[in-house]
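Enquirer:
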Amino acid sequence: MADITMARLHEAMVILYAISLVFYFVDYLYTTKKAIRVAMSLLGAVWLLQTVFLVLYIVETQRFPVLTLFEGIYFYAWLLVTLSLVLRIFYRFDFAVFLINIIGFIFMVIHTFAPVQIERSPVGEALVSELLFIHITFAILSYAAFSLSFVFSALHLLLYRLLKQKKWTKQWSSLPSLGQTEQGMTISILIGIPMLFVSLVLGFQWAIVSLEEFSLLDVKIVGSFVLLIVYSFILWRHRRGNLNGMNYAWAHLYAFLLLLLNFFFGSRLSEFHFWY
1 MADITMARLH EAMVILYAIS LVFYFVDYLY TTKKAIRVAM SLLGAVWLLQ
51 TVFLVLYIVE TQRFPVLTLF EGIYFYAWLL VTLSLVLRIF YRFDFAVFLI
101 NIIGFIFMVI HTFAPVQIER SPVGEALVSE LLFIHITFAI LSYAAFSLSF
151 VFSALHLLLY RLLKQKKWTK QWSSLPSLGQ TEQGMTISIL IGIPMLFVSL
201 VLGFQWAIVS LEEFSLLDVK IVGSFVLLIV YSFILWRHRR GNLNGMNYAW
251 AHLYAFLLLL LNFFFGSRLS EFHFWY
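Position one of the sequence shown corresponds to residue 1 (our numbering), numbered consecutively onward.
#1: Tell me which same chain residues have a C-beta within less than 8 Å of the C-beta of Trp47, skipping the five on either side of it?
#2: For the putative contact between His135 and Leu202, defined by C-beta atoms under 8 Å, what is the C-beta separation to the nearest angstrom?
#3: CB-CB under 6 Å to Ser20, same chain, minus the five flanking residues each way: which ones, in chain order?
#4: In whole angstroms, what separates the C-alpha of Gln180 from that of Asn244?
#5: How big is the Cα-Cα spacing for Ile58 and Ile103?
#6: Using C-beta distances below 8 Å, list every residue in its chain close to Leu87, excluding the 5 sequence neighbours before and after it, in chain order.
#7: Nearest-angstrom Cα distance between Phe225 and Gln62?
#8: Between the segment 186 to 197 and the segment 142 to 157, can you find at least three pairs of beta-carbon atoms closer than 8 Å?
#9: By a C-beta neighbour count over all protein chains shown, 10 Å radius and 16 as the cutoff for buried, is Gly223 buried or exposed?
#10: So what does DSSP say about Thr51, is it helix, strand or coil?
#11: Please classify Gly184 as buried or exposed, where buried requires at least 16 other C-beta atoms within 10 Å of its C-beta.
#12: Looking at the structure shown, is Glu130 part of a helix, part of a strand, or coil, going by DSSP?
#13: Let me make sure I understand the geometry here. Which of Phe204, Phe70, Val151 and Leu190 has the alpha-carbon closest to that of Leu253?
#14: Sort Asn247, Leu235 and Phe107 by Cα distance to Ala154 and report the nearest one.
#15: For Gln62, name the three-state secondary structure that DSSP assigns.
#16: Going by the C-beta, is His10 closer than 7 Å to any heavy atom of the ligand GTP?
#17: Using DSSP with H/G/I as helix, E/B as strand and the rest coil, what is Asn242?
#18: Using only the alpha-carbon positions, how far apart do Met108 and Ile15 sit?
#19: Please state if the CB of Ala249 and the CB of Ile234 are separated by a distance shorter than 8 Å.
#20: Return the residue from the list Leu258, Ser210, Glu11 and Ser177 that minimises the CA-CA distance to Leu228.
#21: Buried or exposed: where does Ile140 fall if 16 or more other Cβ atoms within 10 Å of its Cβ makes it buried?
#22: Between Val230 and Val22, what straight-line distance do the alpha-carbon atoms span, to the nearest angstrom?
#23: If you follow the alpha helix (DSSP H) that Leu190 is in, where does it begin and where does it stop?
#24: Given this structure, state the Cα-to-Cα distance separating Thr112 from Glu11, to the nearest angstrom.
#25: Considering only C-alpha positions, which residue in the set Glu182, Ser149, Ile89 and Val209 is nearest to Gly241?
#26: Using DSSP with H/G/I as helix, E/B as strand and the rest coil, what is Glu213?
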């Protein structure tokens, strides 16, 4: 029972870490106090859980846990979280904190769902299934966010055409403004990008644990990374002021079509994704 509880708590840590990354991403781009408060609170909870587990492990084994690769990865992940908290609290190095937490999250996933961890755990098969569940959940959440960005882009194009052709009537009065639709597109992909990144990290770890062989050139894997790059590029161009208005809306629309292609055809052509 204790082993099952520990496994669940480690999974909870990964989820909290993933959600904190989303808020750190929002804070990095827009420097919002609410986002950084939530991100810091979640990261503080992760650090607290990590520290408790580290102390319990030291008490149980009567030594410092760095003698194996498995132990070293956990200690390294704990150090990264500690370092990121110190940099944020005392020095306010936000960009460094964001990058450190990306690395820390990857190593936390490796430790929690590593093959050696799965094999020694009494709930090994359940851990693999739950890793897949979390991976799929974050992928679907990112797709939902990108779908919302598509809706806002379609509204933006519609509003622009109505205003340009001077066909605005009272029936359109409930629609948002052009500025609101553009803001909606940005917020949607701000949420979708880190969620897709988290999903890819978890999916890659699941493939390592579950599959005897898999190719990084699998159609679905390549397509998902292309999606991440495309949406990140759109956001980057928008932040630089080079992509706004109609061009920004069209970019979201084309990116969503790419998402649909990856979702339906990528799954059919993939060697181990069977969503059809």
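Glycine included, C-beta positions come from ideal geometry on N, C-alpha and C. A quick note: this is a predicted structure, and the numbers were derived from the prediction, not measured.
Expert: Reading from the atomic positions:
#1: Cβ within range, chain order: Trp78, Val81, Thr82 and Leu85.
#2: 4 Å
#3: Ala39, Leu42 and Leu43
#4: Distance between Gln180 and Asn244, taken at the CA atoms: about 13 Å.
#5: 24 Å
#6: Phe93, Ala96, Val97 and Ile100
#7: Answer to the nearest angstrom: the Cα atoms are 43 Å apart.
#8: Contact annotation: the segment 142 to 157 touches the segment 186 to 197, with at least three C-beta pairs closer than 8 Å.
#9: Counting Cβ neighbours within 10 Å, Gly223 comes out buried, since at least 16 surround it.
#10: helix
#11: buried
#12: Three-state result, Glu130: helix.
#13: Val151
#14: Asn247
#15: coil
#16: The model on display carries no ligand, and the ligand GTP is accordingly not part of it.
#17: Three-state DSSP puts Asn242 in coil, outside helix and strand.
#18: Linking Met108 to Ile15 through their CA atoms gives a straight-line distance of about 11 Å.
#19: Not in contact: Ile234 and Ala249 (Cβ atoms no closer than 8 Å).
#20: Leu258
#21: By the 10 Å Cβ count, Ile140 comes out exposed.
#22: Taking the straight line from one Cα to the other gives about 18 Å.
#23: Leu178 to Ser210
#24: 7 Å
#25: Taking only the C-alpha atoms, the option nearest Gly241 is Glu182.
#26: In this structure, Glu213 counts as coil in the three-state DSSP scheme.
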